[in-house]
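Protein sequence lines, in the order shown, are assigned to chains Z and F. Quick note on the numbering used here: the first sequence kicks off at 13 and runs consecutively. Quick note on the numbering used here: the second sequence kicks off at 13 and runs consecutively.
2 protein chains.
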Amino acid sequence: MDEFTAGHLEAIRKAAERIAARVRRTPALPGSDLAPQLVLKPELLQPTGSFKVRGAFNAVLSLLEHDRQPAGVIAVSSGNHGQAVALAARTTGLACVVVMPADSNPIKMAAVRALGAEVISEGITGANREQRVLEIRAETGLTLVHPFDSWDVIHGQGTIGLELVDDVPDLGMLVTPVGGGGLISGCALAIKALRPEVQVVGVEPELAGDAAASKRSGRHESLPGAPATIADGLRSLSIGERGFEVIVGRGLVDQIVTVTEAEIEAATLTAWTRLHLAVEPSGAVPLAAFLTGRLPRPAAGRTVLVLSGGNADPALIARLMARPAVPISDAPLT
Amino acid sequence: MDEFTAGHLEAIRKAAERIAARVRRTPALPGSDLAPQLVLKPELLQPTGSFKVRGAFNAVLSLLEHDRQPAGVIAVSSGNHGQAVALAARTTGLACVVVMPADSNPIKMAAVRALGAEVISEGITGANREQRVLEIRAETGLTLVHPFDSWDVIHGQGTIGLELVDDVPDLGMLVTPVGGGGLISGCALAIKALRPEVQVVGVEPELAGDAAASKRSGRHESLPGAPATIADGLRSLSIGERGFEVIVGRGLVDQIVTVTEAEIEAATLTAWTRLHLAVEPSGAVPLAAFLTGRLPRPAAGRTVLVLSGGNADPALIARLMARPAVPISDAPLT
Chain Z
13 MDEFTAGHLE AIRKAAERIA ARVRRTPALP GSDLAPQLVL KPELLQPTGS FKVRGAFNAV
73 LSLLEHDRQP AGVIAVSSGN HGQAVALAAR TTGLACVVVM PADSNPIKMA AVRALGAEVI
133 SEGITGANRE QRVLEIRAET GLTLVHPFDS WDVIHGQGTI GLELVDDVPD LGMLVTPVGG
193 GGLISGCALA IKALRPEVQV VGVEPELAGD AAASKRSGRH ESLPGAPATI ADGLRSLSIG
253 ERGFEVIVGR GLVDQIVTVT EAEIEAATLT AWTRLHLAVE PSGAVPLAAF LTGRLPRPAA
313 GRTVLVLSGG NADPALIARL MARPAVPISD APLT
Chain F
13 MDEFTAGHLE AIRKAAERIA ARVRRTPALP GSDLAPQLVL KPELLQPTGS FKVRGAFNAV
73 LSLLEHDRQP AGVIAVSSGN HGQAVALAAR TTGLACVVVM PADSNPIKMA AVRALGAEVI
133 SEGITGANRE QRVLEIRAET GLTLVHPFDS WDVIHGQGTI GLELVDDVPD LGMLVTPVGG
193 GGLISGCALA IKALRPEVQV VGVEPELAGD AAASKRSGRH ESLPGAPATI ADGLRSLSIG
253 ERGFEVIVGR GLVDQIVTVT EAEIEAATLT AWTRLHLAVE PSGAVPLAAF LTGRLPRPAA
313 GRTVLVLSGG NADPALIARL MARPAVPISD APLT
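Now the structure itself:
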């Protein structure tokens, strides 16, 4: 194990201790209804309904170890990261500001407010929000918790990889969604350090395929504009600097595959009706890749799909359930 | 421990060994999003999506221990029991007939057929199906697997109780749905044998409140006709003879409470949007009783809700999601 990998593994182990009392050790569920070689890691069972609490708690608790009296934290998010940071701040008694574009889903804004955070949305757009955050930080001294381009956040997400190494002795391949790259980077660091033979594969919407493009070209590629994928947690224009180093630079991720919007919808519906897990579209992309045969064949062992979150838009689910594009539970392949 | 209880506990332990390779040991999930004292037992994660596989496998495997060449099995069911018996028969290479009323949900008929069972529905109604089954048994020699009034089936369901005694050290109260009474009887036998101080509570739809009525009157009460509850797994007209003995005669169930249709709908939606578990209405009645404050206050320890199944009608879910009667995820009370 080289120094880079060893250092990050140590940091992920520390993160696991730090957050143990705050997040769930989610079970590794056999996926026998769909395929005997499948294991599901249902991160949608976390507090606030997504894996984001792992990174958020690690970042906030690390901050408190280094600064006894921080002014508070600030996050930019229209989704799960905002709720996770708000929960971590409330739990530790810190002030929290979440900057959300004015056209964000009002249900998600209400969820962040219900967790005690201040929401700033007036005049905020996707284009100006980073600038607004810099201004607010300068004015207030709040500490930014980045959704993915932060080692503390990446190490928190990596605790999923540690748990899987322990809980799935015959682990052959790990499959996660890819947005900003924090989740897969953390998992890859843990798994390649401990079990280098295990394949690590990312899945992106075809409409947001910047990580797949970066992996192909070896350069840090960006999308020209916000992608219109229903996987609203995976709309970032590019992966972070740190993710690029892990995924492409050091090659710790073996492959990134893409799935279409129709495939994501079908996988979401399949998760709800066949696995009985209420996943959001962003969390269903690994299942979409599995169901469509886009995953590489593992050399050995079982394939783990990380179902990363469950905060689906009820209107979308109503539409999928009313007009199923795939057969519903007519063949429970147990 | 009296002889009755000791004998049944022994049979439940044997059932647990018998079915171990065929069913899942479902996790005991902390329910911190709704309340820190709650634990969820997600039986919707079983093969075929409900706890029914436990009793079905125990009955079919027991049959094979006593009869090396059985003609096969027959079940009467419009729902989860039929799928469970079909799976158990297919797994063990037995012939299987499932008698379903002609107006059963075509999706559920297709699911039973997909598991290799023969479906008999022509001319079958709720009123004549028991008679038809007697005739078919006489003609074919198939063995009936009753959905609830069978000790083998009750002992299979009781393995849930055994698992909870192991997995939840501070178990204070167990709450299950009540239809024909097989699930709660098995659980009560296991739990009262091992941890007599733990409260066992059943939940029924108010429209199908025969068990609550029996518990009050001390007599074996029946409904005058099929109840129109959306909890379609809990529509039996009365509990079985064996369930009556366990629940009322020996008093191993402490209390049966009822919930309204609106409360069942709200709990189903809450399970999907806040717990991210895609439960069916019949499996949501314990959550409905918890959310509405109908459960007794446990003297100590944690309250376990058995979420018994996940085979919800997609049209119902589409309706609930399109017009939520309760707020959706606007206050993730983690």
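Idealized CB from N, CA, C, for every residue including glycine. If you're wondering where the values come from, they're calculated on a predicted model, not measured in any experiment.
Considering just the uninterrupted stretch of the alpha helix (DSSP H) at residue i, what are its terminal residues?
i	result
Ala-274/F	273–282
Thr-171/F	163–179
Leu-11/F	This structure gives no information on residue 11/F, because the portion of chain F shown stretches from 13 to 346.
Arg-125/Z	118–126
What are the boundary residues of the beta strand (DSSP E) that includes residue i?
i	result
Leu-183/Z	183–189
Arg-314/Z	314–319
Ile-132/Z	130–132
Would you mind sorting residue i into buried or exposed? The rule is 16 or more other CB atoms within 10 Å of its CB.
i	result
Pro-189/Z	buried
Ala-32/F	exposed
Thr-137/F	exposed
Ala-238/F	exposed
Ser-234/Z	exposed
Ser-229/F	exposed
Thr-270/Z	buried
Pro-181/F	exposed
Asp-14/F	exposed
Pro-326/Z	buried
Asp-115/F	exposed
Asn-140/Z	exposed
Glu-275/Z	buried
His-20/Z	buried
Thr-152/Z	exposed
Asp-45/Z	buried
Gly-191/Z	buried
Leu-146/F	exposed
Pro-5/Z	The structure shown does not extend to residue 5/Z, since chain Z is modelled only from 13 through 346, so no value can be given for it.
Asp-178/Z	exposed
Pro-217/Z	buried
Glu-292/F	buried
Arg-354/F	In the structure as shown, chain F starts at 13 and stops at 346, and residue 354/F therefore has no counterpart that could be examined.
Pro-48/F	exposed
Pro-236/Z	exposed
Pro-39/F	buried
Ile-340/F	Reliability fails at Ile-340/F, whose pLDDT of 48 lies under 50, so the model's placement of it is uncertain and no value is given.
Glu-22/Z	exposed
Thr-79/Z	In the sequence under discussion, the amino acid at residue 79/Z is Asp, which differs from the Thr named in the question. Flag for Asp-79/Z reads exposed.
Identify every residue that forms a DSSP beta bridge with residue i.
i	result
Thr-285/F	Paired residue(s): none; Thr-285/F is not in a bridge.
Leu-328/F	None; Leu-328/F has no bridge partner.
Thr-155/F	Val-85/F
Consider the Cβ of residue i: report whether some Cβ of chain A lies at a distance smaller than 8 angstroms.
i	result
Met-112/Z	Absent from the structure is chain A; the protein chains it does hold are Z and F.
Which runs of the alpha helix (DSSP H), 4 residues or longer, sit entirely within the region 30–111 of chain F?
-> Entirely contained in the region 30–111 of chain F, the alpha helix (DSSP H) runs reaching 4 residues are, in chain order, 64–78, 92–104.
Of all the residues that make up the region 63–79 of chain F, which are near chain Z by a beta-carbon distance shorter than 9 angstroms?
-> The residues in question are Val-65.
Which ranges would you report for the alpha helix (DSSP H) in the region 206–277 of chain F if only whole runs of at least 4 residues count?
-> With a minimum length of 4 residues, the continuous alpha helix (DSSP H) runs that stay inside the region 206–277 of chain F are 222–229, 253–256.
Which of the residues in the region 24–52 of chain F, read from start to end, lie with their CB under 8 angstroms from any CB of chain Z?
-> Correct list: Arg-36, Pro-39, Leu-41, Pro-42, Ser-44, Asp-45.
Residues from the region 276–310 of chain Z in contact with chain F, defined by Cβ distance under 7 angstroms = Answer set for the region 276–310 of chain Z: Trp-284, Thr-285, His-288, Leu-289, Ala-290.
Relative to chain F, which residues along the region 315–326 of chain Z have a C-beta separation below 7 angstroms, given in chain order?
-> Listed by position, the residues of the region 315–326 of chain Z near chain F (Cβ gap below 7 angstroms) are Gly-322, Asn-323, Pro-326.
Interface residues of the region 205–229 of chain F facing chain Z [CB-CB below 9 angstroms] | If you check each beta-carbon in the region 205–229 of chain F against every beta-carbon of chain Z, none falls closer than 9 angstroms.
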